[in-house]
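*Asks:* In the numbering used here, the protein residues as written are 9 to 225.
If you want it as structure tokens, here you go:
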């Protein structure tokens, strides 16, 4: 019976990349922005490997390039590196700004996750102080709650008119904008597989999306 030695855990795939390309991929110290199109280079080097697949490499790259240390490296280094650690193209200002924004959003989410825990602790500490003094009417509070008007919702800012990418333009190497949440990010199409489209963001991160999430640059 044929056995397989393929790695299954993404962290194991990352370890594979660290060992296979030590001048390019770093665990902590010495992290540098990856060359644009690094996925293709990796795929060519590992062609025929029994340990990892291209899909696993793409997932590992997604995790590697979304790490805080990597995003910080994009903002601090002048050049990207290839698989052998050689300088590749310069990091563009647009890429730096995108990395800074991704860092801010990531840190904001982390702070938001921690906030409910602090709020519950504060609620527990202040609950005993919410009782009204003996004989004081609650009518004023009720009136205040009734009269208090909800704050008007902020109008959504228009980011300008964007046009969907025509189906005829969903091709490998085409420059596009991809919708991530509420933001539009510049990217390059790296693979088209029926309804699924793989793109590489300006930070080097690999993302799988749908054709209807792509727009004209």
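Heads up, the beta-carbon is just placed ideally off N, CA and C, and yes, glycines get one too.
All values reported here derive from a predicted model rather than from experimental measurement.
With contact counted as at least three CB pairs below 8 Å, one residue from each stretch, are the segment 13–30 and the segment 44–62 in contact?
*Replies:* Output reads yes: the segment 44–62 touches the segment 13–30.
*Asks:* For residue 30, which residues in the same chain have their Cβ closer than 7 Å to its Cβ, ignoring the five residues on either side in sequence?
*Replies:* Position 22 of the chain shown, counted from the first residue, corresponds to residue 30. Nothing listed; no residue qualifies.
*Asks:* Would residue 41 pass as a contact of residue 81 if the rule is Cβ separation under 7 Å?
*Replies:* Counted from its first residue, the chain shown places residue 41 at position 33. Counted from its first residue, the chain shown places residue 81 at position 73. In contact: residue 41 and residue 81 (Cβ atoms closer than 7 Å).
*Asks:* My understanding is that residue 47 touches residue 208, with C-beta atoms under 8 Å, so please give their C-beta distance in whole angstroms.
*Replies:* Counting from one through the chain shown, the residue named residue 47 turns up at place 39. Counting from one through the chain shown, the residue named residue 208 turns up at place 200. That belief holds up - the Cβ atoms of residue 47 and residue 208 are roughly 7 Å apart, short of 8 Å.
*Asks:* Rounded to the nearest angstrom, what separates residue 98 and residue 86 at their Cα positions?
*Replies:* As a position in the chain shown, residue 98 is number 90, starting the count at 1. As a position in the chain shown, residue 86 is number 78, starting the count at 1. Between residue 98 and residue 86, the C-alpha separation is close to 6 Å.
*Asks:* Going along the chain, which residues of its own chain have a beta-carbon closer than 7 Å to the beta-carbon of residue 180, five neighbours each way excluded?
*Replies:* Along the chain shown, read from residue 1 onward, the residue named residue 180 stands at position 172. Here the set comprises 197, 198, 199, 200.
*Asks:* Look up residue 222 in the DSSP assignment and say whether it is helix, strand or coil.
*Replies:* The residue you call residue 222 lines up with position 214 of the chain shown. It is a strand residue.
*Asks:* What's the gap between the Cα of residue 93 and the Cα of residue 117?
*Replies:* Position 85 of the chain shown, counted from the start, is the residue given in the question as residue 93. Position 109 of the chain shown, counted from the start, is the residue given in the question as residue 117. When rounded, the distance between both Cα atoms is 33 Å.
*Asks:* Can you tell which of 187, 195, 212, 21 has its C-alpha closest to the C-alpha of residue 74?
*Replies:* Locating residue 74 in the chain shown gives position 66, where the first residue counts as 1. Nearest of 187, 195, 212, 21 to residue 74, Cα basis: 212.
*Asks:* What does the alpha-carbon distance come out to for the pair residue 8 and residue 219?
*Replies:* No information on residue 8 is available, as it lies outside the stretch 9 to 225 that the chain covers here.
*Asks:* Identify the residues that DSSP records as bridge partners of residue 214: which are they?
*Replies:* Position 206 of the chain shown, counted from the start, is the residue given in the question as residue 214. Answer by DSSP bridge pairing, in chain order: 208.
*Asks:* Ordered along the chain, which non-local residues of its own chain (more than five positions away) have a Cβ less than 7 Å from that of residue 108?
*Replies:* Working through the chain shown from its first residue, we reach residue 108 at position 100. For residue 108, where only same-chain residues beyond five positions count, the Cβ hits under 7 Å are 83.
*Asks:* If residue 173 sits next to residue 224, beta carbons under 8 Å apart, how far is it from one beta carbon to the other, in whole angstroms?
*Replies:* By one-based count along the chain shown, residue 173 stands at place 165. By one-based count along the chain shown, residue 224 stands at place 216. Rounded, the Cβ-Cβ distance is 6 Å, consistent with contact.
*Asks:* Taking 8 Å as the limit between beta carbons, can you name the residues of its chain near residue 26, skipping five residues before and five after?
*Replies:* Position 18 of the chain shown, counted from the first residue, corresponds to residue 26. Cβ neighbours of residue 26 beyond the five flanking positions: 33, 34, 35.
*Asks:* Tell me whether residue 119 is buried or exposed, calling it buried when 16 or more other Cβ atoms sit within 10 Å of its Cβ.
*Replies:* Here residue 119 is taken as the residue at index 111 of the chain shown, counted from 1. Counting Cβ neighbours within 10 Å, residue 119 comes out exposed, since fewer than 16 surround it.
*Asks:* Near residue 21, what residues of its chain come up, given a Cβ to Cβ distance below 6 Å and the 5 sequence neighbours on each side ignored?
*Replies:* Numbered from 1 along the chain shown, position 13 holds the residue referred to as residue 21. Counting only Cβ-Cβ distances below 6 Å, and skipping sequence neighbours, we find 15, 60, 64, 68.
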